[in-house]
Each structure stands twice: as C-alpha cells, then as structure tokens.
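In what follows, a structure is listed as structure tokens, so that the remarks can point back to it.
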Amino acid sequence: MAELWQSDLWELSEGLEKREFSSKELTQMFLERIAHQEHLGCYLSVFEEKAIEQAEKADARRAAGDEVTKLTGVPLAIKDIITLNYGTTTCGSRFLEDYRSPFTATAAQRLLKAGTVILGKTNLDEFGMGSSNENSAFGPVKNPWDTSRVAGGSSGGSAAAVAARLCPAALGTDTGGSIRQPSAFCNVTGLKPSYGRVSRYGLVAFASSLDQIGPMGKNARDCALISECIFGRDIRDSTSAPNEVPLFSSLLERDIKGLRIGVPKEYFREELSSEIASAIHKGLGELEKLGAEIKEVSLPHTDFATAAYYVIVPAEASSNLSRFDGIRYGKRADAQDLISLYAKSRSEGFGPEVKRRILIGTFVLSAGYYDAYYVKAQRARALIARDFEEAFSEKVDVIAAPTTPTTPFLLGEKTHDPISMYLNDIFTVPVNLAGLPSLSLPCGQNSSGLPIGFQLIGRAFDELTLFQVADAFQKTTDWHLRTPETKTHSKD
Amino acid sequence: MTTKANVENLATLSRLLLSSEEKAALTQEVDAILTYVEKLNELDTSNVDPARQVHGVKNVYRKDRLKASQLRDRLLELAPDREGDFIRVPLVINQDGE
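Those sequence lines, one after another, are chains A and B.
Quick note on this note's numbering: the first sequence kicks off at 1 and runs consecutively.
Quick note on this note's numbering: the second sequence kicks off at 1001 and runs consecutively.
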C-alpha cells in the first residue's frame, strides 16, 4: 500500500471498487500517519475505533453487493465546528472543550450516508475567527511546508491535514476566506460554495449570512465529488437553496476555449507580493493556452470590502455567541448570581479574538451606532455584490484573482496586530459578501518553496464552471501534486 | 486619550469580565478597528439599499406541529449542573421576592 496516501478520491474509489485494498486497510493507514504527525496539530480528535467500525461497514456494504457511491469506504476529516452526534465538537474553544453534540450536521450526515469514514475532527481558529489558526484554544496548526509558519485559517487543520496526507480530503468552512486562504497556504484545492449551497444545520454559527461549508482536497475533481454529495436543499436550514445540484463528477470534461476569464485590476495592488503576481500571470498564461480569453475587469469597491466585513461579521458573531451563557451546555464558572455566572463563564471560555469581535459587534449594533456602522456596512455590501454582478453580466464567465496577498507568514508574526491579520483576507472577503462560489487552487511556489494559490470566482450557483476550469488547469499543470517533505513517515 | 468606544460598558453589555490589562489592550484595539472600518464613510451609499443577505431565498414557514424529540436525555446530560430533569442555576430571584 505504498504511496496510497498520494492517491486522490477517484483513485481510492477505484481501488476499493476493484478490491485492491479494503476501506479498513486504507483507514488504518491514515490513522497511523496521523499518529506520526501529531506535532503539526492538525487534528483535535481522532476516531480510531469509530472510523474502523465505519470502514468495516463500508467493506461489508461492498462485499454484500449493496448500493455504493464513489465515496463509500473513503476516509475524510471534518473541521471541528461541524457537529457529529459522537465525539466532541469543540469549535477550537475552551467554552466547548467537552461539548458532545446530540445531533449530526446535515453535511456530515450526507457524507456518512454515502459511506465515508470520518477519521477525525480538525483544528481551527476559535469559532472560525482567524486567519492563522493561532486563535485555537488547543494550539496552532503548523504549516507542513515549513513548520515555523502558519497553515492559515480558520480551516488550517483541514488544509494542513490534506497537505501532509493525513486524510485524502476534508470539510472546511469559509466565512471570509477560511477555506481558500489555508488552501493557498498549504497547496490544497478548496471550494467556498455559493451561499446557500450547503446546509448550515449542525454548523456552529459564526456569521450566519456568510458561513458556508465546503470541500478541501488534492484537486478540483475531488472537490467536485464531495460537493455533489453535500450540496442541496435541506429542510432544516431555511437559507439552504433549492437550486438543482449538477452531477459535477460526470460534467468535468470541458473545452474551455472561448471562455472569458476576468482579471480584476484592483487585486493587483501594492500589498500583493510580486512572486504571487507573477505566479498568477503564469497561471493565466496556461489558461490562455487552453483557449480561454483573458480580460481585465474592474471591481471598484474592492477596497471597502474588508471594512464592511469587519463590521458585519462581528455584529453577527456577537449576536450568535450570546447563546454561550454557561447554563445549558459548555463551560460554567463558579458564581453566586446569574449575571456573574454568564460573565465569568464567557470570560473564562472565550479567547482574545472572540472577545474582541463580541465587543466590536456589540458596539456597531448599539442604538446610537447601528446606522452609522452596521447599516452603512450593509449598504457597502450591496455595492460590492453589484460590482461582481456587473462584471459577470456583460464581460466575463469567471474571475481569476490571487487568494492571498502573501505566502504563509511566521507563527506569531501577526498575533499582536489584529488589523494586519484582517488584511490577509482582502482578496477573499468580497466573495463572501457577494455570496458567490470561489475555488482556490495551487499555481506556484515562491523562492523559498512556499505554496501560492489563486482563486476562480464564479456566478452565483455556477460551481460547475469553476470545477471545469480548475480541472482543465490541473490536467496541464502539476502544482497541485507537489507535497511537502515531512519528517517522520515510518509506514513502509 | 478619548476613544470611540467605552470598552468597559461594552463588556458589561456583552456579559464579559475583562482584567485591567485586557481592558487596556482592547480599548486600543477596538479603537484601531473602528478607525479602520470608518473608511466606509468615504463611500456614497445614499442611493443603495442595505444588503442583509444576497442570494434572495425567502423565509419559508412550516406548520407548527408537535413532534417527539429523541434528544431530551442527551440535551439534559449536557447541562453543567442539574437536579433530576431540571437544570440547576444560581438564585435568580431574591428570597424576599424582589
């Protein structure tokens, strides 16, 4: 079973189908790899027994000739903000350190129903708030490409686990870039679906008008496979969209000749590292060779997106996090009266970034400031969404842009400067504000060998075109196949 | 130094207790963040409606029907302090009824 960890989901699925190996063997191999790479901090919990049990069930399902899917027996990991009705769901927070969800998120339920094996829950910034995974109460994730650097966030555990081959693919969540930024930092392919594509039932709420669950994997075709399993209307989430879900995996082949790809001039700015700019221009050159037409477009309100985002998000977060009161579940501090019980439990349970956002949110929602900050930000949001609509309505089919302004920074480099941390999201937050789908994929390495990613942004609910363009790109490039040299692999 | 927000008051409203170091750091950080987001004032938004969400799905009502929940015991087990089927909390109303 040497090199199996390098296989993508399609290859694993085929191997399982041909009985070249069993799901149990595959699962055991990943569990061993996980045990050897604990220093990376990718996982917050590993389900040694439950995963083997699920793998045995998948093997039995195949042996009995029962109905199987391409994902039956395939092991995956999920971000620890998505609930399962077993194990803990910590959200990277002390407050929920021992929280055992009584129910399973719809996205996870759909994967389980398809017969996947869940290896464990991955590390994240507390409640998804962060861009470096340093806001996890259980320690940061280290970037497998350079362990002195961040893996990105907030889905840093999922990205690093895929990069270090500690799972073939994983689920992440993206509120302002939390799938795409760590994907770019770790040389992974990750999709932030259109808002409403994936049910948020069982996803612990952070900023409800923006949060989306999405796949992270070795390539676009793996993301397509997971997407067709988890996408679609769910009665338990009234914001989940009724739009039909294409059978992505059978529609990937497409000649992209004549496809119009827009490059927003506002994204090629001073803050963008020159190495990233040149990697993206080379990537665009590849797409041009495949017949795509590259055009410049303008998204004039880009500059205001981060400001609007850091009003809307704390507002929604402060409201969502008011449920953590220490009464019904989670951390409860010792206190003599109810008000001190709330305040002490929350203060002991939440980390600094969460407190910061709760305070900002409380400020922008308070009576005297609501219009000046919150409503103003929502108006700016409308303008940002309109920029994209205009670009898509006349000029282009897809927009291509850098995912991040820099390659992964050092652990500790930005922890004392919240604004410089927030500005790491300048290229990802506009997409969430506009509710659009966006896929980040590897397109190069800088002079020190650190990965570079770029994102393809699509029309609302047009994930298909993103998969097709990314798949065409990945058929002619090998960036996505590169893996970091990791130290201890004692397996065969 | 005058600051945009009274962090102590915000903390009370948010049910958070802050140490004096936290208060000092957060006063500065909150101020810097608010200064940053005030960049939005450069935008003319007089003819723009606020966007609360962007994908246009409308609220759907469903029938208000009673359904048995299988989760009752598991939900109770999560309570940090309980007495039988009740969740125990500190005294909410003074004993003299105030």
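No residue lacks a Cβ here, since even glycine has one placed at the ideal position from N, Cα and C.
Here the structure is a predicted model, which is why all the values come from computation and not from measurement.
Alpha-carbon spacing of residue i relative to residue j, whole angstroms
{"i": "A/C186", "j": "A/T104", "result": "28 Å"}
{"i": "A/A114", "j": "A/P75", "result": "11 Å"}
{"i": "A/M29", "j": "A/L119", "result": "11 Å"}
{"i": "A/A400", "j": "A/Q336", "result": "57 Å"}
{"i": "B/S1046", "j": "A/A380", "result": "10 Å"}
{"i": "A/R497", "j": "A/D397", "result": "Past the edges of chain A, shown from 1 to 492, lies residue 497 of chain A, and the structure says nothing about it."}
{"i": "A/T403", "j": "B/A1068", "result": "47 Å"}
{"i": "A/D417", "j": "A/A151", "result": "18 Å"}
{"i": "A/V429", "j": "A/D211", "result": "11 Å"}
{"i": "A/S7", "j": "A/N219", "result": "11 Å"}
{"i": "A/S490", "j": "A/R33", "result": "Residue placement at A/S490 cannot be trusted, given a pLDDT of 42 that sits under 50; what the coordinates show is reported in the next sentence. If I take the Cα positions, the gap works out to 8 Å."}
{"i": "A/G232", "j": "A/V245", "result": "6 Å"}
{"i": "A/E3", "j": "B/V1054", "result": "44 Å"}
{"i": "A/G410", "j": "A/I280", "result": "At residue 410 of chain A the sequence reads Leu, which differs from the Gly that was named. Distance between the alpha carbons of A/L410 and A/I280: 23 Å."}
{"i": "B/L1034", "j": "B/A1051", "result": "21 Å"}
{"i": "A/E413", "j": "A/A470", "result": "32 Å"}
{"i": "A/A372", "j": "B/K1023", "result": "24 Å"}
{"i": "A/E271", "j": "A/I452", "result": "15 Å"}
{"i": "A/P215", "j": "A/S440", "result": "11 Å"}
{"i": "A/T147", "j": "A/P140", "result": "11 Å"}
{"i": "A/Q37", "j": "B/E1029", "result": "36 Å"}
Contact belief for residue i with residue j at Cβ below 8 Å, rounded distance in angstroms
{"i": "A/L436", "j": "A/F388", "result": "6 Å"}
{"i": "A/G217", "j": "A/P168", "result": "7 Å"}
{"i": "A/N446", "j": "A/T407", "result": "5 Å"}
{"i": "B/L1017", "j": "A/T362", "result": "That belief does not hold up - the Cβ atoms of B/L1017 and A/T362 are roughly 14 Å apart, past 8 Å."}
{"i": "A/I358", "j": "A/A207", "result": "No, A/I358 and A/A207 are not in contact; Cβ-Cβ is about 12 Å, not under 8 Å."}
{"i": "A/S45", "j": "A/K121", "result": "5 Å"}
{"i": "A/Y374", "j": "A/L365", "result": "6 Å"}
{"i": "A/T483", "j": "A/R165", "result": "7 Å"}
{"i": "A/L12", "j": "A/L26", "result": "7 Å"}
{"i": "A/I82", "j": "A/A108", "result": "6 Å"}
Where residue i falls, given that 16 or more other Cβ within 10 Å makes a residue buried
{"i": "A/F127", "result": "buried"}
{"i": "B/T1003", "result": "exposed"}
{"i": "B/R1086", "result": "The amino acid at residue 1086 of chain B is misidentified as Arg; the sequence shows Phe. When all chains shown are included, B/F1086 counts as exposed."}
{"i": "B/Y1061", "result": "exposed"}
{"i": "B/N1059", "result": "exposed"}
{"i": "A/Q455", "result": "buried"}
{"i": "A/Y86", "result": "exposed"}
{"i": "A/E316", "result": "buried"}
{"i": "B/I1093", "result": "exposed"}
{"i": "B/L1166", "result": "This structure cannot speak to residue 1166 of chain B, because chain B is shown only from 1001 to 1098."}
{"i": "A/H39", "result": "exposed"}
{"i": "A/D59", "result": "buried"}
{"i": "A/E353", "result": "buried"}
{"i": "A/G176", "result": "buried"}
{"i": "A/K265", "result": "exposed"}
{"i": "A/I235", "result": "exposed"}
{"i": "A/A63", "result": "exposed"}
{"i": "A/N424", "result": "buried"}
{"i": "B/R1072", "result": "exposed"}
{"i": "A/A472", "result": "buried"}
{"i": "A/E288", "result": "exposed"}
{"i": "A/I339", "result": "exposed"}
{"i": "A/P442", "result": "buried"}
{"i": "A/G196", "result": "buried"}
{"i": "A/L84", "result": "buried"}
{"i": "A/A367", "result": "exposed"}
{"i": "A/E67", "result": "exposed"}
{"i": "A/S250", "result": "exposed"}
{"i": "A/G258", "result": "exposed"}
Compile a chain-ordered list of the residues in the region 417-432 of chain A whose CB is closer than 7 Å to at least one CB of chain B.
P418, I419
Could you please tell me which residues of the region 358-369 of chain A, in chain order, have their CB closer than 9 Å to any CB of chain B?
I358, L359, I360, G361, T362, F363, V364, S366, Y369
Report the residues of the region 1040-1056 of chain B with a CB closer than 7 Å to any CB of chain A, ordered along the chain.
L1040, L1043, T1045, V1048, D1049, P1050, A1051, R1052, Q1053, V1054, H1055
Any C-beta of chain A within less than 7 Å: which residues of the region 1072-1090 of chain B qualify?
R1074, L1075, L1078, A1079, P1080, D1081, I1087, V1089, P1090
Using 8 Å as the Cβ pair cut-off and three pairs as the minimum, do the region 64-80 of chain A and the region 169-177 of chain A touch?
yes
Counting Cβ pairs, one atom from each stretch, are 3 or more of them under 8 Å apart for the region 200-209 of chain A and the region 457-465 of chain A?
no
Counting beta carbon pairs with one atom in the region 316-331 of chain A and one in the region 294-304 of chain A, are three or more of them shorter than 8 Å?
no
Residues of the region 371-395 of chain A whose Cβ lies closer than 9 Å to any Cβ of chain B, in chain order
A372, Y373, Y374, V375, K376, A377, Q378, R379, A380, R381, A382, L383, I384, A385, R386
With contact counted as at least three CB pairs below 8 Å, one residue from each stretch, are the region 88-102 of chain A and the region 1075-1082 of chain B in contact?
yes
Taking beta-carbon pairs under 7 Å, can you tell me which members of the region 1021-1032 of chain B lie near chain A?
L1026, E1029, V1030, A1032
Got a sec: which bits of the region 24-46 of chain A sit with their beta carbon under 7 Å from any beta carbon on chain B, in order along the chain?
none
Taking any Cβ of chain B, which residues in the region 305-320 of chain A have a Cβ under 7 Å from it, in chain order?
A307, A308, Y310, V311, S318
Give, in chain order, every residue of the region 323-342 of chain A whose Cβ lies closer than 9 Å to some Cβ of chain B.
D325, G326, I327, R328, Y329, G330, K331, R332, A335, Q336, D337, L338, I339, S340, L341, Y342
Contact set between the region 94-122 of chain A and chain B, restricted to residues whose Cβ is under 8 Å from the partner
Y99, R100, P102, F103
Chain B contacts made by the region 190-216 of chain A, where a contact means CB separation under 8 Å:
S194, Y195, G196, S209
Contact residues within the region 455-478 of chain A, judged by C-beta distance below 9 Å to chain B:
A460, F461
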